[in-house]
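This report concerns only the one structure given below.
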Amino acid sequence: MQLHNTLGRAVEQLKPLRSGEVSIYSCGPTVYRYAHVGNLRTYIFSDLLRRSLEYLGLRTRQVMNITDVGHLTEDDFDRGEDKMLVSARLENKSPEEIAEFYTAAFLEDIRKVNIRPADEYPRATAYIPQMQGLIERLIERGHAYRAGGNVYYDIASFPEYGKLSGNSVDKLLAGTRGDPDPRKKAPGDFTLWKAAGAKRLQVWDSPWGSGFPGWHIECSAMSTAMLGERFDIHTGGADNVFPHHEAEIAQSEGALGHPVVGCWVHAEHLLLSGARMAKSAGNFFRITEIEEMGHDPLAFRYLALQARYRAKLNFGLEGLAGADRALRLLRGRVAAWSAEPAAGADGGEAYAERFRSALADDLDLPAAMALVAEVGRAPIPGALKARLLLDFDRVLGLDLDRDLGERALPAGAAELLRRRERARAERDYATSDQLRHELAEMGVQVTDSADGQLWKTTGPA
Ligand code: AMP
Ligand code: ZN
2 MQLHNTLGRA VEQLKPLRSG EVSIYSCGPT VYRYAHVGNL RTYIFSDLLR RSLEYLGLRT
62 RQVMNITDVG HLTEDDFDRG EDKMLVSARL ENKSPEEIAE FYTAAFLEDI RKVNIRPADE
122 YPRATAYIPQ MQGLIERLIE RGHAYRAGGN VYYDIASFPE YGKLSGNSVD KLLAGTRGDP
182 DPRKKAPGDF TLWKAAGAKR LQVWDSPWGS GFPGWHIECS AMSTAMLGER FDIHTGGADN
242 VFPHHEAEIA QSEGALGHPV VGCWVHAEHL LLSGARMAKS AGNFFRITEI EEMGHDPLAF
302 RYLALQARYR AKLNFGLEGL AGADRALRLL RGRVAAWSAE PAAGADGGEA YAERFRSALA
362 DDLDLPAAMA LVAEVGRAPI PGALKARLLL DFDRVLGLDL DRDLGERALP AGAAELLRRR
422 ERARAERDYA TSDQLRHELA EMGVQVTDSA DGQLWKTTGP A
């Protein structure tokens, strides 16, 4: 697999540390608000990465953090409130209740777009001792200093600071806004530990007094605690490159004295009307809104497959509706093809090989989707088309098998069968008999078995 490494800005051959297995750390959500489809684009990217690696024969272990404390920018620090706490106050709940609620919502949202759950979801609040351990180590090694009850990272102590984002320290300093914090040695130093203000709810004791961790230290602590001192891939969205991942490198490498991450991979943003989709700007859609418009949430996944992960992607409702139509059509065709004689299903290695090459080429999913279309047009038996596309769907995750078995039904019959199943589950036998009658008139004969209802088409009565 060739992947673009942000560190070095080049496409590289992935060389897993352990043969046959790839360890992945993916920056996850801050659970103080609902995720929007922009966030989901980044999570779909890491899901596609993982599924592609597995399709290519590797095992994967993915860890995704849940940020349930802080996520402070330097600006928020000085206002003394972070996003978790603002939400807690506005919704009149404890930070723990907020985190639990939005974690559940996140897991539900990713399920809707067929993102397979990570192997583990460590919560930041469960890793405070590890964060403190790292901070102590950074102080010992001369990379961090105390000032008041705060601890700051001394960026001058890490000459490679800026290597990920390509920012020179001079440029970084020029970019800092407002009055510099007088306790910092340099304005670009970032906070590792922050003394608790009067009104904070989430505070922990520490060697430096009671307080709470900075956001960046969370990911250094959780990634190395879960995946070890070296792991293969670290993913995130483009906005994570600086400052979040630049700081993570300074922290992890400063504490351990060696490189930790093999390949840094960043997904570009989803845009809405030309601007980055963002919670704070209020220009966003949730996946549930897309569903409420009558679209299949997987239409969004289909849309995400149309662009390479390193390209910005514009989100629009027209494009989404087009993706929804194309997806439904594709499922119908896969169902029809799969009904063709199975004898023609062999072969197709050349297509499968091209699919693998597209994935291995820095996840070229647009090329993979073009191949899907090509297979559809190819002069090969339908059963083979169906077998190939259902195999590709292990990566694409579009539920291309959804219409299988419903193919021969006359229009509307599938819905009646679903209603009848519900009626039977509710022991509403009057409705179930009525529906059986309606289906018979459409030419669908229904019988009941221990495993549920069975049907066959008999032609119009
Ligand atoms: P947050 O919950 O704000 O920390 O964001 C979660 C993830 O979504 C991060 O990895 C961000 O880089 C990513 N992200 C935020 N906005 C967008 C966007 N408009 N498009 C794609 N990814 C995004
Ligand atoms: Zn992170």
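Taking the working numbering, the leading residue of the sequence shown gets 2, the next gets one more, and so forth.
We put the CB at the ideal spot given by N, CA and C, even for glycine.
Keep in mind it's a predicted model, so treat the numbers as computed, not measured.
- Beta-ladder partner(s) of N315, from DSSP: L272
- Could you name the residues whose beta carbon sits closer than 5 Å to any heavy atom belonging to the ligand ZN, keeping them in chain order? C28, C220
- Per-residue burial, R52 [other beta carbons within 10 Å of its own, 16 or more giving buried]: Buried: at least 16 other Cβ atoms inside 10 Å.
- Please determine, among G149, Q131, I129, L436, the residue with the shortest C-alpha to C-alpha distance to A415. Ranking the options by Cα distance to A415, first place goes to L436.
- Where does D69 fall in DSSP's three states? coil
- Item | Under the three-state DSSP convention, the category G81 falls into | Unreliable positioning characterises G81 in this predicted model, as indicated by a pLDDT of 48, which lies under 50. The coordinate reading is nonetheless provided below. In this structure, G81 counts as coil in the three-state DSSP scheme.
- Simplified DSSP state of F46, which is helix, strand or coil: The DSSP-derived three-state label of F46 is helix.
- Where the beta strand (DSSP E) through Q435 begins and ends: Residue range 430-443 is occupied by the alpha helix (DSSP H) that includes Q435, with no beta strand (DSSP E) assigned at that position.
- Item | Limits of the alpha helix (DSSP H) - the one that Q252 falls within | Its alpha helix (DSSP H) spans residues 247-257.
- Message: Quick check: the Cα distance between H296 and L321, rounded to an integer number of angstroms?
- Response: 8 Å
- the ligand AMP heavy atom lying under 6 Å from the CB of T43: yes
- Query: The beta strand (DSSP E) with T225 in it runs from where to where?
  - Reply: Unbroken run through T225 is the alpha helix (DSSP H), 216-228; no beta strand (DSSP E).
- Item | Residues near A305 by beta carbon distance below 6 Å, same chain, minus five either side | R42, I45
- Strand pairing of R213, partner residues [DSSP]: Arg is not the amino acid found at residue 213; the sequence shown has Phe there. DSSP lists K195 as partners of F213.
- Task: Consider the C-beta atom of P30 and the heavy atoms of the ligand AMP; say whether any pair is separated by less than 6 Å.
- Result: yes
- Message: Within the continuous beta strand (DSSP E) that includes V376, where are the two ends?
- Response: Segment 366-378 is the alpha helix (DSSP H) holding V376; no beta strand (DSSP E) there.
- Query: Out of curiosity, what's the CA-to-CA distance linking T236 and A368?
  - Reply: 22 Å
- Query: Within 6 Å: the Cβ of N241 and any heavy atom of the ligand AMP?
  - Reply: yes
- Task: Output yes or no for whether 7 Å exceeds the beta carbon distance between F213 and Y154.
- Result: With respect to Y154, F213 sits apart: the two C-beta atoms are not nearer than 7 Å.
- Query: How about N315: is its Cβ closer than 6 Å to a heavy atom in the ligand AMP?
  - Reply: no
- Item | Where K386 sits in the DSSP three-state scheme | helix
- Item | Buried versus exposed call for A259 [16 or more other C-beta atoms within 10 Å across all chains shown] | It is worth fixing the name first, because residue 259 is His in this sequence and not Ala. Exposed, because fewer than 16 other Cβ atoms sit within 10 Å of the Cβ of H259.
- Message: the ligand AMP and L271: does the residue's C-beta get closer than 6 Å to at least one heavy atom of that ligand?
- Response: Between the ligand AMP and L271, a heavy atom-to-CB distance of less than 6 Å is present.
- Message: Rounded to whole angstroms, what is the Cα-Cα separation between Y352 and L385?
- Response: 11 Å
- Query: Rounded C-beta distance between G383 and A327? I'm assuming under 8 Å.
  - Reply: That pair is no contact at about 19 Å.
- Item | Residues bridged to Y154 (per DSSP) | Beta-bridge partners of Y154 (DSSP): A145.
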